[in-house]
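Reviewing the structure listed below.
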Amino acid sequence: MSLPSSIDVVIVGAGAAGLGAAHALKKAEASFVVLEARDRVGGRGHTVMASPEVTFDLGCGWLHSADKNSFVPIAEQLGFEVDKTIPPWRDRAFGEVFPDRERERFYLAIDDFYERLAHAAQQGKDSPASLYLEPGNRWNAMIDAISTYVNGCELDQVSVMDIDAYEDTGINWRVRRGYGALMAAYGASLPIRFNCEVTLIDHSARHLRIETSLGTLTADKAIITVPTNLIAQEAIKFFPALPAKLDAAAGLPLGVDEKVMLALAEPEALPKDGNLRGLTMRTEMGTYHLRPFGQPCIEGFFGGRYAKQLEDAGDGAIAAASIDEIVSYLGNDFRRKLTPLKESRWAHDPFARGAYSHALPGQSHQRAVLAAPVDNRLFFAGEATSPNFFSTAHGAHDSGERAAKEALAAFAKR
Ligand SMILES: Cc1cc2nc3c(=O)[nH]c(=O)nc-3n(C[C@H](O)[C@H](O)[C@H](O)COP(=O)(O)OP(=O)(O)OC[C@H]3O[C@@H](n4cnc5c(N)ncnc54)[C@H](O)[C@@H]3O)c2cc1C
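For the sequence shown, the working numbering gives the first residue as 94, with consecutive numbering after it.
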């Protein structure tokens, strides 16, 4: 598909938000094009075959808040099987490395911690979430580890108000063929120009002038869906500059979360969809999903500073650390049973630069600032702009729909 010279609406980015916006515009029969820097649809939703037997979501995998998740009906419509197996987080623990009694104590401590956070948020007091860790509590380091998985960062980096604003209905499902594969199918019928990196949006004149790696085009309106780190680091520039958007994006950085997939020989020794997590008393630890969907593999998940350190150490470092950790739990025999298949590198990916957004302490209001339209011509979407479902794929999707409605309403007003 060639680049049009002029169009009503340009959507920047073909991730979940861009796809949500595009489908809303398509339904309204508006003229639009999606400009995508990568050669594929989905952004931080990306399914690969890690081996002929193993489907691997390098990015999003869980349909969080599945009873309110807009990708559930989309999956049903497109014939993608939705798997409702209970997630291996609190339940489905395997082995003796984190005995039940200790696990119960840990969950009591973490529940108490989140109650203190909710109470502080009700008082309207924003501060780093780490302030509500009980001094000297033996579980603090592991409570922080959970934050690195959920928020992409340790608790000292995240706002109490932001954690409180997140809506979690507690229902988590999966897409058997992959969340990224679902996004690819959802985007298949859309006008998307791939390998088209937007570098500048000039909004100084009556028409927007959009500079891309494939040339320049003009548009009446633009919906920008790129991750916050790209806005904050000015990978995409605006003229005149938009300092409030830069500040907002900087207050909502993407944290680091990375996944690794290991092939597992003699898989019957381990349960399907089990969880392996050690009683490490450290923040620097992985959490392992045993045989997701019954596949012959183990999926590891790392977050925060530890994930960044491993990713910076280069290809294979996450796999090596996860094999060492699993062997320390299950015994030396497992070293020969595990083979690295694939690991993610989102923090080093130039078009992601991280995993998902969290608000820094004192910055939770920035989600609304980032989401606000500029001059009824520039509209902002993406997971970071979602008021309650930020950091998720469905939050991104819904934000894209919201931005498309704003753009359509602006046309109607003319
Ligand atoms: C390891 C990991 C695990 C996750 N797990 C889950 C999960 O289980 N459940 C869940 O709901 N969410 C999860 N997420 C988060 C989820 O993937 C994201 O919140 C969501 O996909 C973001 O969608 P988006 O459209 O806002 O942004 P993106 O998906 O980042 O889309 C933005 C698009 O813009 C493109 N782009 C960037 N710069 C430019 C440019 N200059 N010009 C043109 N195009 C550009 C990018 O290539 C990208 O395609 C996970 C993420 C990671 C990394």
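Heads up, the beta-carbon is just placed ideally off N, CA and C, and yes, glycines get one too. Just so we're clear, the structure is a prediction, and the values are computed from it rather than from any experiment.
> So what's isoleucine 236 in DSSP terms, helix, strand or just coil?
Replying inline: Isoleucine 236: helix per DSSP, three-state reduction.
> Taking the alpha carbon of alanine 298 as the point to measure from, which residue in Gly371, Phe331 and Pro385 has its own alpha carbon closest?
Replying inline: Closest in alpha carbon position to alanine 298, among Gly371, Phe331 and Pro385, is Phe331.
> Is the beta carbon of serine 415 less than 9 Å from the beta carbon of glycine 379?
Replying inline: Yes. Within cutoff.
> Any heavy atom of ligand 1 closer than 8 Å to the CB of leucine 355?
Replying inline: Flag unset: Cβ of leucine 355 not near ligand 1.
>> I'd like to check one pair, threonine 140 with glycine 271: are the Cβ atoms closer than 9 Å?
In response: Inclusion of glycine 271 and threonine 140 in the CB contact set at 9 Å is warranted, their separation being smaller than that value.
>> Please list the terminal residues of the continuous beta strand (DSSP E) segment that includes histidine 139.
In response: Histidine 139: not part of any beta strand (DSSP E); DSSP gives it neither H nor E.
>> For proline 221, tell me which candidate among Ile316, Asn244 and Asp204 has the shortest Cα-Cα distance.
In response: Of the listed residues, the one whose Cα sits closest to proline 221 is Asn244.
> Is tyrosine 279 helix, strand or coil by DSSP?
Replying inline: In the three-state scheme derived from DSSP, where H, G and I count as helix and E and B as strand, tyrosine 279 is classed as helix.
> Between the stretch 477 to 497 and the stretch 146 to 162, do three or more beta carbon pairs fall short of 8 Å?
Replying inline: Yes, since at least three Cβ pairs between the stretch 477 to 497 and the stretch 146 to 162 fall closer than 8 Å, the two stretches touch.
> From which residue to which residue does the beta strand (DSSP E) around aspartate 313 run?
Replying inline: Going by DSSP, aspartate 313 is part of the beta strand (DSSP E) stretching over 308 to 317.
>> Let's see if you can read the secondary structure: which residues bound the beta strand (DSSP E) around glutamate 436?
In response: Element bounds for glutamate 436: 431 to 436.
> Going by the C-beta, is arginine 137 closer than 8 Å to any heavy atom of ligand 3?
Replying inline: This structure lacks ligand 3; the ligands present are ligand 1.
> So what's serine 421 in DSSP terms, helix, strand or just coil?
Replying inline: In the structure shown, serine 421 sits in a helix (DSSP, three-state: H, G or I).
>> Using the Cβ count rule (16 or more neighbours within 10 Å means buried), how would you classify glutamine 459?
In response: When all chains shown are included, glutamine 459 counts as buried.
> In whole angstroms, what is the alpha-carbon distance linking proline 360 and aspartate 417?
Replying inline: Cα to Cα, the separation comes out at about 18 Å.
>> Quick test of your reading: leucine 301 and isoleucine 324, contact by CB under 8 Å. State the CB separation rounded to the nearest angstrom.
In response: For leucine 301 against isoleucine 324, the beta-carbon gap comes to about 16 Å, at or over 8 Å, which does not count as contact.
> How about isoleucine 236 and leucine 226: are their beta carbons less than 9 Å apart?
Replying inline: In this structure, isoleucine 236 sits near leucine 226, with a CB-CB distance shorter than 9 Å.
>> Could you check whether the Cβ of tryptophan 439 sits closer than 8 Å to any heavy atom belonging to ligand 1?
In response: Under cutoff, so the answer is yes.
> For the beta strand (DSSP E) that leucine 383 lies in, which residues bound it at each end?
Replying inline: For leucine 383, the enclosing beta strand (DSSP E) covers residues 380 to 383.
>> Is the separation between the beta-carbon of tyrosine 259 and that of phenylalanine 473 shorter than 9 Å?
In response: Between tyrosine 259 and phenylalanine 473, the C-beta spacing is not below 9 Å.
> Quick one: any contact between the stretch 128 to 145 and the stretch 265 to 279, if contact means 3 or more CB pairs under 8 Å?
Replying inline: A contact exists between the stretch 128 to 145 and the stretch 265 to 279.
> Helix, strand or coil: how does DSSP classify methionine 254 here?
Replying inline: Annotated three-state conformation of methionine 254 is helix, per DSSP.
> Residues in its own chain within less than 6 Å of glutamate 377 by CB, not counting five upstream and five downstream?
Replying inline: Hits under 6 Å: Tyr399.
> To which residues does DSSP link methionine 354 through a beta bridge?
Replying inline: According to DSSP, methionine 354 shares a beta bridge with Glu392 and Lys435.
>> Assess contact between the stretch 390 to 410 and the stretch 261 to 269, defined as three or more Cβ pairs (one per stretch) separated by less than 8 Å. Is contact present?
In response: As far as the Cβ criterion goes, the stretch 390 to 410 does not touch the stretch 261 to 269, which means the pair count is below three.
>> So, for alanine 440: in the same chain, excluding its five sequence neighbours on each side, which residues have a beta-carbon less than 7 Å away from its beta-carbon?
In response: Result list for alanine 440: Val349, Lys401, Glu404, Arg446 and Gly447, in chain order.
> Any chance the stretch 305 to 318 sits against the stretch 100 to 112, with 3 or more Cβ pairs inside 8 Å?
Replying inline: Between the stretch 305 to 318 and the stretch 100 to 112, the count of C-beta pairs closer than 8 Å reaches three or more; the two stretches touch.
> Taking the alpha-carbon positions, what's the alanine 342 to alanine 362 distance?
Replying inline: Roughly 46 Å between the two C-alpha positions.
> In whole angstroms, what is the alpha-carbon distance linking glycine 113 and valine 127?
Replying inline: The straight-line gap from Cα to Cα measures roughly 11 Å.
> Quick one, which of Asn322, Ala328, Leu383 and Gly396 has its alpha-carbon nearest glutamate 351's?
Replying inline: The candidate whose alpha carbon is nearest that of glutamate 351 is Gly396.
>> Assuming the contact rule is C-beta atoms closer than 8 Å, leucine 471 and alanine 123 should be a hit. Round their C-beta distance to whole Å, please.
In response: Rounded to whole angstroms, the Cβ separation of leucine 471 and alanine 123 is 16 Å, and the two are not in contact under 8 Å.
>> Considering only DSSP beta bridges, list what isoleucine 329 is partnered with.
In response: Beta-bridge pairing links isoleucine 329 to no other residue.
> Along the chain, where does the alpha helix (DSSP H) that runs through aspartate 491 open and close?
Replying inline: Note, aspartate 491: alpha helix (DSSP H), 486 to 506.
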